[in-house]
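In my numbering, the protein residues as written are 55 to 348.
Okay, structure coming up:
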(Lines of atoms letter the chains of each structure in order from A; the text may use other names.)
(Lines give C-alpha, C1' and ligand atoms only; values in the text may rest on other atoms or scores of the structure.)
Protein backbone atom coordinates (compact mmCIF):
# COMPACT_ATOMS: atom_id res chain seq x y z
CA UNK A 55 0.00 0.00 0.00
CA UNK A 56 1.33 3.40 -0.84
CA UNK A 57 0.44 6.60 0.90
CA UNK A 58 -1.98 7.68 -1.82
CA UNK A 59 -4.12 4.73 -0.84
CA UNK A 60 -4.87 6.28 2.56
CA UNK A 61 -8.21 8.04 2.53
CA UNK A 62 -9.37 11.32 3.98
CA UNK A 63 -12.66 11.13 5.85
CA UNK A 64 -15.44 13.14 4.23
CA UNK A 65 -17.78 14.92 3.97
CA UNK A 66 -18.03 16.96 7.15
CA UNK A 67 -21.17 18.78 8.27
CA UNK A 68 -21.15 22.54 7.80
CA UNK A 69 -22.62 23.54 11.15
CA UNK A 70 -23.41 27.23 10.74
CA UNK A 71 -26.55 29.07 9.61
CA UNK A 72 -26.55 29.55 5.84
CA UNK A 73 -28.60 31.07 3.03
CA UNK A 74 -29.76 29.46 -0.21
CA UNK A 75 -26.71 30.66 -2.15
CA UNK A 76 -24.40 29.03 0.38
CA UNK A 77 -26.38 25.78 0.23
CA UNK A 78 -26.06 25.80 -3.55
CA UNK A 79 -22.32 26.39 -3.26
CA UNK A 80 -22.00 23.42 -0.90
CA UNK A 81 -23.93 21.17 -3.27
CA UNK A 82 -21.78 22.23 -6.22
CA UNK A 83 -18.53 21.75 -4.29
CA UNK A 84 -19.55 18.26 -3.18
CA UNK A 85 -20.65 17.37 -6.72
CA UNK A 86 -17.30 18.48 -8.17
CA UNK A 87 -15.46 16.51 -5.48
CA UNK A 88 -17.53 13.39 -6.17
CA UNK A 89 -16.76 13.80 -9.89
CA UNK A 90 -13.02 13.89 -9.15
CA UNK A 91 -12.63 17.57 -10.06
CA UNK A 92 -10.67 18.37 -6.93
CA UNK A 93 -9.24 21.65 -8.22
CA UNK A 94 -12.71 23.12 -8.66
CA UNK A 95 -13.89 21.54 -5.41
CA UNK A 96 -10.98 23.16 -3.55
CA UNK A 97 -11.79 26.54 -5.09
CA UNK A 98 -15.42 26.26 -4.03
CA UNK A 99 -14.62 24.98 -0.54
CA UNK A 100 -12.24 27.89 -0.09
CA UNK A 101 -15.11 30.23 -0.94
CA UNK A 102 -17.17 28.43 1.69
CA UNK A 103 -14.52 29.04 4.35
CA UNK A 104 -15.04 32.77 3.75
CA UNK A 105 -18.82 32.45 3.86
CA UNK A 106 -18.73 30.11 6.88
CA UNK A 107 -15.60 31.12 8.79
CA UNK A 108 -16.70 29.28 11.96
CA UNK A 109 -17.56 26.01 10.19
CA UNK A 110 -15.01 23.30 10.87
CA UNK A 111 -16.66 21.24 8.14
CA UNK A 112 -15.82 23.80 5.46
CA UNK A 113 -12.14 23.73 6.41
CA UNK A 114 -12.10 19.94 6.74
CA UNK A 115 -13.59 19.49 3.28
CA UNK A 116 -11.13 22.02 1.85
CA UNK A 117 -8.35 19.91 3.34
CA UNK A 118 -9.75 16.76 1.71
CA UNK A 119 -9.73 18.42 -1.72
CA UNK A 120 -6.22 19.82 -1.22
CA UNK A 121 -4.97 16.41 -0.09
CA UNK A 122 -6.40 14.86 -3.27
CA UNK A 123 -4.49 17.50 -5.27
CA UNK A 124 -1.26 16.38 -3.59
CA UNK A 125 -0.94 19.67 -1.71
CA UNK A 126 -0.42 18.28 1.80
CA UNK A 127 1.08 21.47 3.27
CA UNK A 128 -2.09 23.38 2.47
CA UNK A 129 -4.22 20.45 3.59
CA UNK A 130 -2.47 20.46 6.98
CA UNK A 131 -3.26 24.15 7.43
CA UNK A 132 -6.92 23.55 6.56
CA UNK A 133 -7.22 20.59 8.94
CA UNK A 134 -5.54 22.50 11.76
CA UNK A 135 -8.07 25.28 11.33
CA UNK A 136 -10.89 22.71 11.33
CA UNK A 137 -9.56 21.23 14.58
CA UNK A 138 -9.37 24.66 16.17
CA UNK A 139 -13.05 25.12 15.29
CA UNK A 140 -14.04 21.81 16.88
CA UNK A 141 -13.45 19.29 14.09
CA UNK A 142 -12.48 16.62 16.58
CA UNK A 143 -11.54 13.09 15.63
CA UNK A 144 -12.48 13.33 11.97
CA UNK A 145 -10.20 16.28 11.25
CA UNK A 146 -7.46 14.90 13.51
CA UNK A 147 -7.44 11.65 11.53
CA UNK A 148 -7.28 13.56 8.25
CA UNK A 149 -4.46 15.67 9.69
CA UNK A 150 -2.55 12.51 10.53
CA UNK A 151 -2.82 11.33 6.92
CA UNK A 152 -1.56 14.66 5.54
CA UNK A 153 1.30 14.90 8.05
CA UNK A 154 2.46 11.40 7.10
CA UNK A 155 2.49 12.48 3.45
CA UNK A 156 5.00 15.13 4.53
CA UNK A 157 7.09 12.49 6.37
CA UNK A 158 6.22 14.15 9.68
CA UNK A 159 5.78 10.75 11.23
CA UNK A 160 5.69 11.50 14.95
CA UNK A 161 3.23 14.41 14.66
CA UNK A 162 1.12 12.15 12.43
CA UNK A 163 1.25 9.40 15.05
CA UNK A 164 0.08 11.85 17.72
CA UNK A 165 -2.78 13.09 15.52
CA UNK A 166 -4.00 9.55 14.83
CA UNK A 167 -3.77 8.62 18.52
CA UNK A 168 -5.78 11.68 19.54
CA UNK A 169 -8.35 10.98 16.81
CA UNK A 170 -8.91 7.47 18.16
CA UNK A 171 -9.07 8.78 21.72
CA UNK A 172 -11.80 11.23 20.74
CA UNK A 173 -13.79 8.86 18.49
CA UNK A 174 -12.85 5.26 19.32
CA UNK A 175 -16.02 3.95 17.66
CA UNK A 176 -15.22 5.36 14.19
CA UNK A 177 -14.36 2.68 11.63
CA UNK A 178 -12.93 5.30 9.26
CA UNK A 179 -10.57 6.63 11.94
CA UNK A 180 -9.44 3.11 12.84
CA UNK A 181 -8.84 2.41 9.13
CA UNK A 182 -6.65 5.50 8.80
CA UNK A 183 -4.75 4.43 11.92
CA UNK A 184 -4.20 1.00 10.41
CA UNK A 185 -2.94 2.53 7.16
CA UNK A 186 -0.53 4.70 9.15
CA UNK A 187 0.91 1.64 10.88
CA UNK A 188 1.36 -0.01 7.48
CA UNK A 189 3.38 3.02 6.41
CA UNK A 190 5.59 2.71 9.49
CA UNK A 191 5.83 -1.07 8.98
CA UNK A 192 4.14 -1.80 12.31
CA UNK A 193 2.07 -4.58 10.80
CA UNK A 194 0.87 -6.04 14.09
CA UNK A 195 -0.58 -2.70 15.15
CA UNK A 196 -2.01 -2.21 11.67
CA UNK A 197 -3.80 -5.56 11.90
CA UNK A 198 -5.26 -4.67 15.30
CA UNK A 199 -6.61 -1.32 14.10
CA UNK A 200 -8.05 -2.74 10.88
CA UNK A 201 -9.76 -5.62 12.67
CA UNK A 202 -11.30 -3.08 15.02
CA UNK A 203 -12.50 -1.04 12.03
CA UNK A 204 -14.20 -4.14 10.60
CA UNK A 205 -15.74 -4.98 13.98
CA UNK A 206 -17.20 -1.48 14.10
CA UNK A 207 -18.37 -1.59 10.49
CA UNK A 208 -18.39 -4.98 8.72
CA UNK A 209 -19.09 -3.13 5.48
CA UNK A 210 -15.90 -1.04 5.67
CA UNK A 211 -14.43 -1.98 2.28
CA UNK A 212 -11.12 -0.16 2.70
CA UNK A 213 -10.52 -1.85 6.05
CA UNK A 214 -11.08 -5.29 4.51
CA UNK A 215 -8.68 -4.48 1.66
CA UNK A 216 -5.98 -3.06 3.89
CA UNK A 217 -6.26 -5.97 6.32
CA UNK A 218 -5.89 -8.36 3.39
CA UNK A 219 -2.78 -6.48 2.31
CA UNK A 220 -1.34 -6.62 5.83
CA UNK A 221 -1.95 -10.35 6.09
CA UNK A 222 -0.40 -10.95 2.67
CA UNK A 223 2.64 -8.83 3.50
CA UNK A 224 2.94 -10.72 6.80
CA UNK A 225 3.32 -13.99 4.89
CA UNK A 226 -0.24 -15.17 5.60
CA UNK A 227 -1.89 -15.31 2.16
CA UNK A 228 -4.46 -17.97 3.12
CA UNK A 229 -5.78 -15.67 5.87
CA UNK A 230 -5.86 -12.73 3.45
CA UNK A 231 -8.15 -14.38 0.89
CA UNK A 232 -11.52 -14.39 2.76
CA UNK A 233 -11.39 -10.70 3.67
CA UNK A 234 -10.36 -9.70 0.16
CA UNK A 235 -13.23 -11.72 -1.28
CA UNK A 236 -15.55 -9.96 1.17
CA UNK A 237 -14.25 -6.58 -0.02
CA UNK A 238 -14.95 -7.58 -3.62
CA UNK A 239 -18.45 -8.74 -2.68
CA UNK A 240 -19.04 -5.28 -1.19
CA UNK A 241 -17.32 -3.37 -4.02
CA UNK A 242 -16.98 -5.58 -7.11
CA UNK A 243 -14.84 -3.09 -9.05
CA UNK A 244 -12.34 -2.35 -6.27
CA UNK A 245 -9.09 -2.75 -8.23
CA UNK A 246 -6.83 -2.85 -5.17
CA UNK A 247 -8.86 -5.68 -3.63
CA UNK A 248 -8.62 -7.70 -6.85
CA UNK A 249 -4.88 -7.03 -7.10
CA UNK A 250 -4.11 -8.20 -3.57
CA UNK A 251 -6.38 -11.20 -4.06
CA UNK A 252 -4.41 -12.09 -7.18
CA UNK A 253 -1.13 -12.00 -5.28
CA UNK A 254 -2.54 -14.07 -2.42
CA UNK A 255 -3.92 -16.72 -4.78
CA UNK A 256 -0.67 -16.89 -6.75
CA UNK A 257 1.27 -17.30 -3.50
CA UNK A 258 -1.03 -20.22 -2.66
CA UNK A 259 -0.37 -21.85 -6.04
CA UNK A 260 -3.77 -21.06 -7.58
CA UNK A 261 -2.36 -19.88 -10.90
CA UNK A 262 -5.64 -19.81 -12.82
CA UNK A 263 -7.51 -17.84 -10.16
CA UNK A 264 -4.52 -15.62 -9.43
CA UNK A 265 -3.88 -14.60 -13.02
CA UNK A 266 -7.59 -14.01 -13.63
CA UNK A 267 -7.61 -11.54 -10.73
CA UNK A 268 -4.29 -10.11 -11.90
CA UNK A 269 -6.02 -8.60 -14.94
CA UNK A 270 -7.37 -5.94 -12.56
CA UNK A 271 -3.89 -4.41 -12.27
CA UNK A 272 -4.64 -2.24 -15.29
CA UNK A 273 -7.42 -0.47 -13.42
CA UNK A 274 -4.83 1.14 -11.15
CA UNK A 275 -4.08 4.76 -11.96
CA UNK A 276 -0.70 5.05 -13.66
CA UNK A 277 -0.30 1.36 -14.47
CA UNK A 278 1.18 0.84 -17.97
CA UNK A 279 -1.56 0.19 -20.49
CA UNK A 280 -1.20 -2.04 -23.57
CA UNK A 281 -1.05 -0.48 -27.02
CA UNK A 282 -4.69 -0.44 -28.19
CA UNK A 283 -3.50 -0.91 -31.79
CA UNK A 284 -2.13 -4.37 -30.91
CA UNK A 285 -4.86 -6.94 -30.16
CA UNK A 286 -4.35 -9.16 -27.14
CA UNK A 287 -3.76 -12.85 -27.68
CA UNK A 288 -6.85 -14.82 -26.57
CA UNK A 289 -4.90 -18.08 -26.42
CA UNK A 290 -4.90 -20.95 -28.89
CA UNK A 291 -2.71 -21.67 -31.90
CA UNK A 292 -0.76 -18.78 -33.41
CA UNK A 293 -0.04 -20.51 -36.73
CA UNK A 294 3.00 -18.44 -37.63
CA UNK A 295 1.69 -15.08 -36.41
CA UNK A 296 3.98 -12.75 -34.48
CA UNK A 297 3.29 -12.25 -30.77
CA UNK A 298 4.80 -9.43 -28.70
CA UNK A 299 5.57 -10.21 -25.05
CA UNK A 300 6.40 -7.10 -23.03
CA UNK A 301 7.48 -6.40 -19.47
CA UNK A 302 5.18 -4.31 -17.27
CA UNK A 303 7.16 -4.23 -14.05
CA UNK A 304 10.72 -4.71 -12.76
CA UNK A 305 13.75 -6.50 -14.16
CA UNK A 306 13.20 -9.49 -11.89
CA UNK A 307 9.68 -10.07 -13.18
CA UNK A 308 10.88 -9.88 -16.78
CA UNK A 309 13.59 -12.45 -16.08
CA UNK A 310 11.13 -14.69 -14.22
CA UNK A 311 8.55 -14.82 -16.99
CA UNK A 312 10.68 -14.58 -20.15
CA UNK A 313 11.08 -18.35 -20.04
CA UNK A 314 7.43 -18.73 -21.01
CA UNK A 315 8.27 -17.39 -24.46
CA UNK A 316 8.91 -21.01 -25.41
CA UNK A 317 5.25 -21.81 -24.65
CA UNK A 318 4.09 -19.20 -27.17
CA UNK A 319 6.61 -20.50 -29.69
CA UNK A 320 5.34 -24.05 -29.19
CA UNK A 321 1.86 -23.06 -30.41
CA UNK A 322 3.26 -21.58 -33.60
CA UNK A 323 4.16 -18.05 -32.59
CA UNK A 324 7.03 -15.86 -33.76
CA UNK A 325 7.92 -14.44 -30.37
CA UNK A 326 9.26 -10.91 -30.00
CA UNK A 327 10.23 -9.76 -26.49
CA UNK A 328 10.13 -6.13 -25.42
CA UNK A 329 12.37 -5.66 -22.39
CA UNK A 330 14.37 -3.03 -20.48
CA UNK A 331 17.63 -2.12 -22.22
CA UNK A 332 19.97 -3.84 -19.73
CA UNK A 333 18.27 -7.19 -20.38
CA UNK A 334 18.14 -7.15 -24.18
CA UNK A 335 21.40 -9.01 -24.82
CA UNK A 336 20.70 -11.64 -22.14
CA UNK A 337 17.16 -12.35 -23.34
CA UNK A 338 18.26 -13.00 -26.91
CA UNK A 339 19.33 -16.43 -25.67
CA UNK A 340 15.83 -17.38 -24.47
CA UNK A 341 14.54 -20.42 -26.42
CA UNK A 342 11.78 -19.61 -28.88
CA UNK A 343 12.52 -15.88 -29.16
CA UNK A 344 13.14 -14.47 -32.66
CA UNK A 345 13.90 -10.89 -31.58
CA UNK A 346 14.32 -8.75 -28.46
CA UNK A 347 13.64 -5.01 -28.53
CA UNK A 348 14.03 -2.32 -25.89
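Glycine is no exception: its CB is placed at the ideal position from the N, C-alpha and C atoms.
All values derive from a computational prediction rather than experimental measurement.
- Going by beta carbons, residue 149 and residue 133 fall inside the 7 Å limit.
- DSSP places residue 204 within a helical segment (H, G or I) once states are collapsed to three.
- Checking the DSSP bridge columns, you'll see residue 324 partnered with 296.
- The alpha-carbon separation between residue 292 and residue 340 amounts to approximately 19 Å.
- In the structure shown, residue 131 falls within a helical segment according to DSSP collapsed to helix, strand and coil.
- The stretch 156 to 163 makes no contact with the stretch 173 to 180: fewer than 3 CB pairs, one atom from each, lie closer than 8 Å.
- Residue 314 and residue 337 have their C-alpha atoms spaced approximately 12 Å apart.
- Between the stretch 177 to 192 and the stretch 209 to 217, the count of C-beta pairs closer than 8 Å reaches three or more; the two stretches touch.
- Distance check between residue 87 and each of 205, 116, 237 places 116 closest, using alpha-carbon atoms only.
- The alpha-carbon of residue 206 is positioned some 13 Å away from that of residue 170.
- Within the stretch 231 to 269, the runs of alpha helix (DSSP H) that reach at least 4 residues and sit entirely inside it are, in chain order, 245 to 257, 261 to 268.
- Burial check for residue 274: the Cβ neighbour count within 10 Å stays below 16, so the residue is exposed.
- Judged by DSSP in its simplified three-state form, residue 118 adopts helix.
- In this structure, residue 98 sits near residue 83, with a CB-CB distance shorter than 7 Å.
- Taking one beta carbon from each stretch, the stretch 103 to 116 and the stretch 135 to 147 have 3 or more pairs nearer than 8 Å; the two touch.
- Sorting 282, 129, 247 by C-alpha distance to the C-alpha of residue 267 places 247 at the top.
- A distance below 8 Å between beta-carbons, with the five flanking residues on each side excluded, links residue 270 to the following residues of its chain, in chain order: 245, 248, 249, 252.
- CA-to-CA, the gap between residue 76 and residue 140 works out to about 21 Å.
- Counting only residues of its own chain and dropping the five nearest sequence neighbours on each side, residue 238 has a CB closer than 8 Å to the CB of 244, 247, 248, 251.
- Looking at the DSSP output, residue 347 sits in a beta bridge with 328.
- Of the candidates 107, 187, 182, the residue whose Cα lies closest to the Cα of residue 144 is 182.
- Residue 222 carries a helical assignment under DSSP once its states are collapsed to helix, strand and coil.
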